[in-house]
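Here the structure is laid out as structure tokens; the discussion comes afterwards.
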Amino acid sequence: MKSSLRIACSRSHLQEVRDFVRTYLMGLDLPEITINQVVLAIDEVVANFIIHANGEDETQFLDLELAVAQHELNVEIADHGDTIFLPGAHQSPDLRAYIKEGRKGGMGMALVNRLMDRVEFFTRGNHTVCHLSKHLA
Amino acid sequence: MKVTAQPSADTLTLLLDGELDASSAIVLDTELAKPDILNYRKVLVDCAKLSYISSAGLGVFISHLQRFQDANVKLVFFNMQEKVFNVFEILGLDALMTIVPSAAEAEAA
């Protein structure tokens with residue numbers, strides 16, 4: 008079962024992305040916490056592409072594709088912008104330091120890495136693609 | 039995302055309603071950044087209707103926490119849905135923030 012969505016690079020589309028993912032996962036009889044974790048991981052990657060890779064340029068767009076086969080969820084998020092966006096190696100955020108510094112960002116990719124079984128960013132032509140996967144028990 | 043502020047004596051209760059993400063976090067940030075919020079002894083955050091939080095939402099709370107602590111304002115979360123608490127837990131924020139089950143416990147915290 009596959010499903011896909013295309014959105015312009017504006018953070019106002021994040022709600023649409025989450026609703027799309029929830030609707031897809033609702034049909035799989037999963038616990039609410041699992042659904043929320045997958046929704047969150049996808050939301051974080053899409054927000055990163057929109058804000059950091061594309062500077063919220065609404066003329067650019069992202070394609071999201073979800074597929075489940077044999078209890079394995081595979082997610083592909085393809086950025087059609089021209090900036091190659093490859094987040095660095097995952098590091099655990101030092102939250103005590105973040106609190107002290109009053110820091111707002113820097114936790115999104117740490118969350119994604121803890122929520123999904125596999126997280127990969129790679130290039131396809133001059134675009135960036137993110138692949139996420141998770142085993143659904 | 040809707041934020042409703044309910045002041046009462048030395049406590050300000052913020053009712054969060056909706057989904058807190060990279061798009062809506064600014065609404066909460068504006069509320070927490072108000073200078074007079076530091077005049078309260080406690081800020082209680084009612085999360086009963088908070089149905090989603092992303093790292094952008096967590097970041098808003100983290101970015102104001104030290105300012106609150108420096109002013110001796112206690113920030114307490116209550117009525118948090120399990121799926122939202124799970125996000126705090128995954129990052130270990132449940133150990134760094136005060137999260138209690140009910141309004142009564144938040145008032146007593």
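So the sequences go chain by chain: A and B. Quick note: the first sequence uses my numbering, first residue 8, plus one each step. Quick note: the second sequence uses my numbering, first residue 39, plus one each step. All residues carry an ideal CB built from backbone N, CA and C; glycine is no exception.
query, result
"Separation of Pro-94(A) from Thr-135(A), as counted between CA atoms", "11 angstroms"
"Status (buried if at least 16 other CB within 10 Å, exposed otherwise) for Ala-76(A)", "exposed"
"8 angstroms Cβ shell around Asn-133(A) - same chain, five flanking residues per side excluded", "Asp-89, Ile-91"
"Residue range of the unbroken beta strand (DSSP E) whose run includes Ala-86(B)", "80-91"
"Closer than 9 angstroms to chain A by CB, Tyr-78(B)", "no"
"CA nearest to the CA of Cys-16(A), picked from Thr-30(A), Leu-71(A), Leu-32(A)", "Leu-71(A)"
"Lys-111(A) at chain B interface by Cβ criterion, 9 angstroms", "yes"
"Arg-110(A), enclosing alpha helix (DSSP H) - first and last residue", "Arg-110(A) -> no alpha helix (DSSP H), and no H or E assigned at all."
"Rounded straight-line distance, which links the Cα of Asp-132(B) to that of Leu-58(B)", "17 angstroms"
"Ordered list of beta strand (DSSP E) runs contained in the region 36-94 of chain A, each at least 3 residues", "68-76, 79-86"
"Inter-stretch contact (C-beta, 8 angstroms, three-pair minimum) for the region 115-125 of chain A and the region 98-111 of chain B", "no"
"For Lys-9(A): DSSP bridge partner residues", "Ala-74(A)"
"Straight-line Cα distance separating Val-41(B) from Asp-55(B)", "6 angstroms"
"Cut-off 8 angstroms between Cβ atoms - residues of its own chain near Glu-79(A), not counting five sequence neighbours on either side", "Ser-140, Lys-141, His-142, Leu-143"
"Any chain A beta carbon closer than 9 angstroms to Asn-124(B)", "yes"
"Same chain only: Cβ atoms within 7 angstroms of Gly-34(A), ignoring 5 sequence neighbours per side", "none"
"Asp-50(A) burial status per 10 Å Cβ neighbour count (16 or more: buried)", "buried"
"Residue from Gly-95(B), Ser-101(B), Met-135(B) with nearest C-alpha to Leu-118(A)", "Gly-95(B)"
"Contacts around Thr-51(B), its chain only, beta-carbon distance under 7 angstroms, and the 5 residues preceding and following it disregarded", "Gln-44, Leu-82, Asp-84"
"Inter-stretch contact (C-beta, 8 angstroms, three-pair minimum) for the region 28-43 of chain A and the region 114-131 of chain B", "yes"
"Chain A within 9 angstroms of Ile-137(B), Cβ atoms only", "no"
"Residues of its chain near Phe-56(A), where Cβ-Cβ distance is below 6 angstroms and the 5 sequence neighbours each way are ignored", "Leu-69, Asp-86"
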